[in-house]
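Colleague: Here's a structure for you.
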Amino acid sequence: MKKIHLAAVLISICLTCCIQRPKEEEVKITARPHVQVEGIRTGSINDDITLSATSVYLKRNVVTAEIPAFITKVNFRLGDKVVKGQVLYELQTKEKKALGRQLTELDTSLKNFGTIKIYAPGSGIVSTFDKQQTGDYVLEGTQLCTIAESSELAFQINVPYEYNQFTKAGSKCTITLPDNSVHQAVITTPLSAMNALAQTQTMLAKCNETLFLPENLIAKVQVTKTGSTTKQIISKACVLSDEMMQEFWVMKLINDTTAVKVPVTIGNRNETEIEINAPVFSLQDRIISNGNYGLPDTAYVKIIK
């Protein structure tokens, strides 16, 4: 009996172990990536050409002695800014120098006889200083100094010929000086000669304001190639690309939780934004700007602010 009872117990245990219990369903919970979105705006991104330019004075006024005389006074120095009508030199004829005070004592009305003042013919910068020593005797027509006229300051721009269509006379440009000051200018005259080696043409540009600058100052000139205001603009962070930078796409939301990959064709760009040439988006479309890297073609996301 004991053996039968033991066998029954063993059989019962085996049957219990062999009964398959239903497996609990495994619930997989996938975390949705957090993203930020932004919209499309219309506008344009200027495609600027940056060129080099050199300052040059197109007109120089040569100041000469009107009569043979002694230099008695010099009122400027080399590089000084002078204005039109400013007294530069005072001269004295040899007759006045010989008579001295005797001439005044004879007739007070002859006080200024034999005294000549030389005036600046125009405003500008003294670029050469030929006669600067008082007491020097100069002949009639002797060159005393040269004034580079500030109103005739221009910038010579070296323009590659393929950009000729963007730098025609009357085109606007922006000139940036070495001190980072920015000045608006207009291209005025193309010169006929070409640089044979560099294949560049020299254009002249004049600032809209009067500047006092040294000659041969090197500056940067920006010329705008395009100016359409009907482009789709989006931030650079929204646009993804392959390793070769040949294919571009964005992740567009089709509802509050789903984003899909949309290939795009891009246009001009700057440091922060890109033009989208195709396809055409709606101004209400939402594009992922943060958290879009590494998403599959269709992704379930969570929008955060």
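FYI, in the numbering used here the residues of the sequence shown are -17 to 287.
Note that the Cβ used here is the ideal one computed from N, Cα and C, for glycine as well.
Out of curiosity, what's the CA-to-CA distance linking residue 16 and residue 274?
Modeller: One C-alpha to the other measures close to 9 Å.
Colleague: Among the residues of its own chain, which have a CB less than 6 Å from the CB of residue 277, if the five just before and after it don't count?
Modeller: Hits under 6 Å: 233.
Colleague: What's the call for residue 8, buried or exposed, on a 16-neighbour Cβ count within 10 Å?
Modeller: Any reading at residue 8 needs caution, since the residue's pLDDT is 47, under 50, leaving its predicted position unreliable; the model's value is listed next. Exposed, because fewer than 16 other Cβ atoms sit within 10 Å of the Cβ of residue 8.
Colleague: What residue does the beta strand (DSSP E) around residue 291 start on, and which one ends it?
Modeller: Given a span of -17 to 287 for the chain in the structure shown, any question on residue 291 remains unanswerable.
Colleague: Report the rounded CA-to-CA distance for residue 111 versus residue 99, giving the unit in angstroms.
Modeller: One C-alpha to the other measures close to 17 Å.
Colleague: Give the list of continuous alpha helix (DSSP H) stretches no shorter than 4 residues that lie fully inside the region 102 to 168.
Modeller: Counting only runs of 4 or more, we get nothing.
Colleague: Hey, how far is the Cα of residue 272 from the Cα of residue 227?
Modeller: Whole-angstrom Cα-Cα distance: 20 Å.
Colleague: Alpha carbon to alpha carbon, how far is residue 251 from residue 259?
Modeller: C-alpha separation (whole angstroms): 11 Å.
Colleague: For residue 202, which of helix, strand or coil comes out of DSSP?
Modeller: Residue 202: strand per DSSP, three-state reduction.
Colleague: According to the neighbour-count rule (16 or more other Cβ atoms, all chains shown, within 10 Å of its Cβ), is residue 282 buried or exposed?
Modeller: Flag for residue 282 reads exposed.
Colleague: Please state if the CB of residue 33 and the CB of residue 202 are separated by a distance shorter than 9 Å.
Modeller: Yes.
Colleague: Taking the C-alpha atoms as reference points, what is the distance between residue 122 and residue 101?
Modeller: Going from the Cα of residue 122 to the Cα of residue 101 covers about 16 Å.
Colleague: I'd like to check one pair, residue 31 with residue 215: are the Cβ atoms closer than 9 Å?
Modeller: Not in contact: residue 215 and residue 31 (Cβ atoms no closer than 9 Å).
Colleague: In the DSSP assignment, what are the bridge partners of residue 233?
Modeller: Paired residues: 243.
Colleague: Going by DSSP, what residues sit across from residue 20 in a beta bridge?
Modeller: Beta-bridge pairing links residue 20 to 269.
Colleague: So residue 228 is in the beta strand (DSSP E); what residue range does that whole segment cover?
Modeller: Run containing residue 228: none; DSSP gives neither H nor E here.
Colleague: Kindly identify the DSSP beta-bridge partner or partners of residue 177.
Modeller: According to DSSP, residue 177 bridges with 182.
Colleague: Ordered along the chain, which non-local residues of its own chain (more than five positions away) have a Cβ less than 6 Å from that of residue 106?
Modeller: 129, 130, 131 and 132.
Colleague: Give the straight-line distance between the Cα atoms of residue 223 and residue 231, rounded to the nearest whole angstrom.
Modeller: So the two alpha carbons sit approximately 6 Å from each other.
Colleague: Taking the alpha-carbon positions, what's the residue 14 to residue 166 distance?
Modeller: Straight-line Cα distance between these residues: approximately 51 Å.
Colleague: Residues bridged to residue 194 by DSSP?
Modeller: The partner list for residue 194 (beta bridge, DSSP) is empty, contrary to what the question assumes.
Colleague: Taking all protein chains shown into account, do 16 or more other C-beta atoms lie within 10 angstroms of the C-beta of residue 220, making it buried, or fewer, making it exposed?
Modeller: Buried is the call here.
Colleague: Assuming residue 138 and residue 186 form a contact by the criterion Cβ under 8 Å, report the distance between their Cβ atoms to the nearest whole angstrom.
Modeller: Residue 138 to residue 186, Cβ: 6 Å. Contact.
Colleague: The beta strand (DSSP E) with residue 259 in it runs from where to where?
Modeller: Here the beta strand (DSSP E) through residue 259 covers 255 to 260.
Colleague: Would you check if there are 3 or more beta carbon pairs closer than 8 Å linking the region 34 to 47 to the region 188 to 202?
Modeller: Segments in contact, yes.
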